[in-house]
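A short write-up of the structure that comes next.
Protein chains in written order, with the numbering used here: chain A, 302 to 686; chain B, 302 to 686.
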């Protein structure tokens, strides 16, 4: 399961001592090939952590041999010295694996603005290399990248002819994570070149991880990598591979959503009737980021007025008096005004679906978010202190 | 004090029975001239309440005789019937004042998506007309427009030659109010035409009320009106008038900020070294809307990494490795990396100043916001139920 579900990969998760808790905090994923084709997508934040700047460069070559990931520190806003720390991490892994640092990706997650304790991290890389395994290492790695995640997030799928895709993730949203970073490593033993992997990864994450928006905050460290070993020799139909990868990413998205910090509701905002997919995503994101609505859902209050006021902040194509809104299937707003009886809305279940009909076209998109809770405030008030 | 500080105005605040609490809920401000010149600014939300649609039309004529304001219901997302309710309110006031409804502005605040109880509101207009007074009516009116405001917000200033400006406000932010709407009525006995009032009002609110961003949520009802009676016969220098009006609006902004729902901190985000004022405002607003930072400030945690990650979401001109951040005067981030010792930051006072130096030019702007608290979640989870 996890990143070792496909053939050709080994992984490890060890205790390097970066976390005070003594939990696993350093993961390693190694692709033994024969292919090393890889693709990546990264945070759109202009303030990028050192490992993001490094790994973006690595991915330009379209090849990744190994990924070193650490929790316990984001290595963001750490200046030139922080970048040198990332470089030294890649060099250490390269040395131990007998490779060039130019094919070693690095990911970090944790507090921003603090240097990593390299005297513990570098020995941790050695321990991880020694612990590499083709089976349990996948789960150990998924465990090691957790920060406030209460559970490890893993998934795998099998495609036509038997090739596999596996993956692990931590955090709560690629573009807008809850506490800190979303890190995700996806692996496959299918044989696809870097360009095909890049297309598939952008399509898959664009419709899944990229539409998870727990609190609207954009991390400095978000990274999603896709590594292909090609060890099955199967080159799948690209559309099939993309669909399978999308399904796996949706699975991980769902796991991230239900484990988001302090959340008591998992909210899907389905925008339908849009003039364009971009309009549907923009509306979904505006609704997902509306603190007043997120509070209302937490209070199990079907406050559709807050949905409309969020929709009204976008430049999507719609007419205010044509908008329809359903909450858990009850169309509480029709034609921009009061619709069916709001007392019929049952908001007790954890899963909540808000449907916004823009009545402007045939396109749709779903954005996922959480409610806003006192627990969220508590966890994020007390994080670094 | 309030809207009756200038000559030529009378006001009232009465109990119409719109609020279950039995508190005042209907206000009336009447300009007895000789001038009726007026200007207004409104929410940028595309989903606009009926009174906003009505009052925007009234203001196109550049003249306002009276303003009817109600709390206890926003009359937003109420369709054609809701617009007819606003029209009927204006007609009722016009009839009682012996005027045309075309010079009667209407403002509403409260829950979205519910019709107003016109059988109580229209008699309330009659009671307000009967209660009009040139002194205590100003305070009564300021009291009647409160929703969750714990105190009435009023201010007045005196200019060269003795002309006055007065004002009242409710809510917590024009473009991004906390719970519901920001409503503000400003009055003056100076003699300025509608065009001059419009220029002064846009300049004043653009630098004050428009930069108060409690929770990033954009109301359907926000309205700021400026009425001139011209009764002193003084036509002030426009620059002086604008400065005085700006100072008064800053006073009201400050009152709204410290009374924002559930807030325990009043946060000023001063952006300096910007390439343009628009850049400074964009950065200030991005920082003001970052839930993670707002939680950190609530926890008295000088988490400057969250400031940088918010700055990085904007397209303002800056280089990440040139950014400097001070929290309450301590430069905790220099050159995009760790600066002075964060333990020196004292976050115990209610007032917090976050200074962001973009190191990209001579421009600056301040945006005000609040911390994110469990009380905010509580108040907004339980509002309509």
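Just so you know, even glycine gets a beta-carbon here, dropped at the ideal spot from N, CA and C. Everything numeric in this text was worked out from a predicted model, so none of it was measured.
If I measure Cβ to Cβ from residue i and keep anything under 6 Å in the same chain, skipping five residues before and after, which residues do I get?
i             : result
residue 544/B : none
residue 593/A : 607
residue 490/A : 307, 308, 309, 464, 465, 530, 532, 533
residue 479/B : Note on residue 479/B: pLDDT 41, under 50, position unreliable in the model; no value is reported.
residue 589/B : 514, 570, 668, 670
residue 422/B : 317
residue 475/A : A caution first: residue 475/A carries a pLDDT of 45, below 50, which makes its placement in the model unreliable, though a value can still be read off. Correct list, in chain order: 483, 510, 511, 523.
residue 527/A : 340, 487, 498, 502
residue 662/A : 575, 576
Hey, residue i and residue j are a contact pair by Cβ (cut 8 Å); roughly how many whole angstroms apart?
i             : j             : result
residue 325/B : residue 444/B : 5 Å
residue 629/A : residue 648/A : 7 Å
residue 678/B : residue 675/A : 5 Å
residue 394/B : residue 426/B : 5 Å
Quick one: residues in its chain with C-beta nearer than 8 Å to the C-beta of residue i, no 5 flanking neighbours on either side, listed in chain order?
i             : result
residue 665/A : 571, 572, 573, 574, 575, 578, 581
residue 609/B : 621, 624, 626, 634, 637
residue 559/A : 567, 651
residue 362/B : 403, 404
Might you give, ordered along the chain, the residues of its own chain that have their beta carbon closer than 7 Å to the beta carbon of residue i, omitting 5 neighbours on each side?
i             : result
residue 407/B : 352, 355, 356, 369, 387, 390, 391
residue 411/B : 372, 373, 374, 375, 448, 481
residue 304/A : 310, 312, 330, 439, 442, 467, 468, 469, 486, 488
residue 337/B : 364, 365, 366, 404
residue 611/A : 587, 588, 591, 594
On the DSSP bridge list, what partners appear for residue i?
i             : result
residue 524/B : 343/B, 484/B
residue 635/B : 638/B
residue 465/B : 459/B
residue 656/B : 571/B, 627/B
residue 408/A : 370/A
residue 332/B : 310/B
residue 529/A : 489/A
residue 669/A : 513/A, 569/A
residue 728/A : Summary: the structure shown does not reach residue 728/A, with chain A confined to residues 302 through 686, and so no result is reported for it.
residue 664/B : 575/B
residue 315/B : 327/B
residue 610/B : Residue 610/B pairs with nothing; no bridge assigned.
If you compare alpha carbons, which of the options is closest to residue i?
i             : options                    : result
residue 603/B : 464/A, 422/A, 413/A, 557/A : 413/A
residue 621/B : 316/A, 308/A, 380/A        : 380/A
residue 462/A : 429/A, 537/A, 526/A, 495/A : 537/A
residue 382/B : 361/B, 415/B, 363/B        : 415/B
residue 424/A : 436/A, 679/A, 396/A, 434/A : 396/A
residue 657/A : 675/A, 673/A, 681/A, 613/A : 613/A
residue 503/A : 605/A, 654/A, 344/A        : 344/A
residue 458/A : 663/A, 632/A, 548/A        : 548/A
residue 555/A : 435/A, 455/A, 322/A, 639/A : 455/A
residue 359/A : 471/A, 495/A, 655/A        : 495/A
residue 639/A : 619/A, 653/A, 605/A        : 605/A
residue 433/B : 321/B, 471/B, 315/B        : 315/B
residue 654/B : 446/B, 362/B, 595/B, 349/B : 595/B
residue 519/A : 350/A, 385/A, 645/A        : 350/A
residue 615/B : 409/A, 348/A, 559/A, 334/A : 348/A
residue 460/B : 644/B, 507/B, 535/B, 409/B : 535/B
Using a Cβ cut-off of 7 Å, pull out every chain E residue sitting near residue i, in sequence order please.
i             : result
residue 612/A : Protein chains in the displayed structure are A and B, and chain E is not among them.
Does the distance from the C-beta atom of residue i to that of residue j stay below 8 Å?
i             : j             : result
residue 329/A : residue 339/A : no
residue 342/B : residue 310/B : no
residue 365/B : residue 404/B : yes
residue 542/B : residue 484/B : no
residue 567/A : residue 651/A : yes
residue 522/B : residue 377/B : yes
residue 327/A : residue 429/A : yes
residue 509/A : residue 550/A : yes
residue 398/A : residue 431/A : no
residue 670/B : residue 552/B : no
residue 632/A : residue 641/A : yes
residue 584/A : residue 617/A : yes
residue 597/A : residue 346/B : no
residue 599/A : residue 499/A : no
residue 418/B : residue 319/B : yes
residue 557/A : residue 505/A : no
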